[in-house]
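K.L.:
Shown below is the structure under consideration.
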Amino acid sequence: MLALAAWLALAWLVGCRGAAAQGPKPTGRLRVDFLDVGQGDATLVTSPAGKTVLIDGGLAEAGDTVVAFLDARGIAMLDLVFLTHRHADHLGGLPAVVDKHGTRMFLDAPYPHEIQEYQRLLVLLDRKHVPVRQAERRRSIDLGEGARLTLLGPPEPPITNTRSDVNANSVVSRIDFGKVGILFAADAEAQTERWLLDSQANLRAAVLKVAHHGSRYSSTPKFLEAVQPLVAVVSVGAGNEYHHPDAQTLGRLARMGARVFRTDIDGPIAIESDGGKIEVFVQGRKEVFQVP
Ligand SMILES: [Zn+2]
């Protein structure tokens, strides 16, 4: 009952907008910005109703990049910050964002990993009086004008004995708007993908934020077959020490017919959709994809 009340509060917070303009104007279009934060993930979702959700915030040194990007988009305060898992390349930049911009709500990945950067973030969220909620599977958040964010994880029960249990318990999510689905695979491991397939979750999505920076251990053939992405986005740093993305993974995506964009090569990647087709903006050019 408590959890339900908490989520009603979340729906309310995301659903309402203060009198002062604090974000972008409604455009009727869904926009997703995959920021170029080097090695890590930081994704800004702007809903057709002008609601803003930041999914992860890159490494600590990327904090200024994320803050500058939000400034350039005219965003004073975010509606929601959503952490997929507690690794430094996803949460390190968030303290700068919470400090400079603030957020109406923080949605945390529940799998424990008590690193220093995470503790710093919690202290700051507390100091800024930001409500903190734990991500719960199947929760769906109304982003307005028909767009919804749905949490497909965390896995139940938690996945253990993997290469990285923190990665394996990443909270995978999707946004749906009209015919367009965007799947955010976080740093999912192969075991996560198998669990998602077994969970009967809707994985079909025109756009895939590729799992774990294009690691060879994720993006298994069965998972990609279920997603059938037209567009695949790899968020990855140039010359990173992990050798992401892996050539085999890129090959699997290409064989699936996905057009792959990479932040290390393409820089920031923006996707806009009217719910029917997808427009990808990279390096000053636009590519259009029709969603069947
Ligand atoms: Zn990562």
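Just so you know, we're using the working numbering here: the sequence shown kicks off at 317 and counts up by one.
In this text, a Cβ means the ideal position worked out from N, Cα and C, and glycines have one as well.
Assign Gln-355 to buried or exposed, taking buried as 16 or more other Cβ atoms, counted over all protein chains shown, within 10 Å of its Cβ.
P.N.:
That one is buried.
K.L.:
In angstroms with no decimal places, state the Cα-to-Cα distance between Glu-557 and Gly-530.
P.N.:
Between Glu-557 and Gly-530, the C-alpha separation is close to 13 angstroms.
K.L.:
Does Lys-538 pass the burial test, meaning 16 or more other C-beta atoms within 10 Å, or should it be called exposed?
P.N.:
Classification for Lys-538: exposed.
K.L.:
Could you please give me the residues that DSSP links to Asp-458 through a beta bridge?
P.N.:
DSSP output for Asp-458 lists Arg-464 as bridge partner(s).
K.L.:
Specify the secondary structure class of Ala-548 as computed by DSSP and reduced to three states.
P.N.:
Note: Ala-548 maps to strand in three-state DSSP.
K.L.:
Sorted by chain position, which residues of the same chain lie with C-beta nearer than 7 angstroms to Phe-493's C-beta, five sequence neighbours on each side aside?
P.N.:
For Phe-493, where only same-chain residues beyond five positions count, the Cβ hits under 7 angstroms are Leu-346, Pro-364, Gly-462, Ala-463, Ser-589, Gly-591.
K.L.:
Can you say whether Asn-483 is buried or exposed, counting buried as having 16 or more other CB atoms within 10 angstroms of its CB?
P.N.:
Classification of Asn-483: buried, given that the 10 Å Cβ count is 16 or more.
K.L.:
Please classify Thr-476 as buried or exposed, where buried requires at least 16 neighbouring CB atoms within 10 angstroms.
P.N.:
Flag for Thr-476 reads exposed.
K.L.:
Roughly how many angstroms lie between the CA atoms of Gln-648 and Gly-553, to the nearest whole one?
P.N.:
With the chain covering 317 to 608 only, the question about residue 648 has no answer from this structure.
K.L.:
Tell me where the alpha helix (DSSP H) around Leu-513 begins and ends.
P.N.:
Counting along the chain, the alpha helix (DSSP H) containing Leu-513 begins and ends at 506-514.
K.L.:
For a test of your reading of the model: does the CB of Asp-352 fall under 6 angstroms from any non-hydrogen atom of ligand 1? Yes or no.
P.N.:
Flag unset: Cβ of Asp-352 not near ligand 1.
K.L.:
First and last residue of the beta strand (DSSP E) that includes Ile-491?
P.N.:
Run containing Ile-491: 489-493, per the beta strand (DSSP E) assignment.
K.L.:
Would you say the region 393-412 touches the region 435-450, given that touching needs at least three Cβ pairs under 8 angstroms?
P.N.:
A contact exists between the region 393-412 and the region 435-450.
K.L.:
For Ser-456, collect the residues of the same chain with a Cβ closer than 6 angstroms to its Cβ; drop the 5 residues on either side in sequence, then sort them by chain order.
P.N.:
The answer, listed in chain order, is Arg-464, Thr-466.
K.L.:
Check whether the Cβ atoms of Ala-501 and Ala-527 sit closer than 7 angstroms, and answer yes or no.
P.N.:
The answer is yes: Cβ separation under 7 angstroms.
K.L.:
Grab me the residues of Ala-321's own chain with a C-beta within less than 6 angstroms of its C-beta, minus the 5 sequence neighbours each way, in chain order.
P.N.:
In this prediction, Ala-321 has a pLDDT of 42, which is less than 50 and means its spatial position is unreliable; what the coordinates show is noted afterwards. There are no such residues.
K.L.:
Taking the alpha-carbon positions, what's the Gln-516 to Arg-454 distance?
P.N.:
C-alpha separation (whole angstroms): 11 angstroms.
K.L.:
Which residues count as close to ligand 1 when the rule is a CB under 5 angstroms from any of its heavy atoms, in chain order?
P.N.:
Result: Asp-405, Asp-503.
K.L.:
Let's test the definition: count the other Cβ atoms within 10 Å of the Cβ of Lys-444 and tell me whether it reaches 16, buried, or not, exposed.
P.N.:
That one is exposed.
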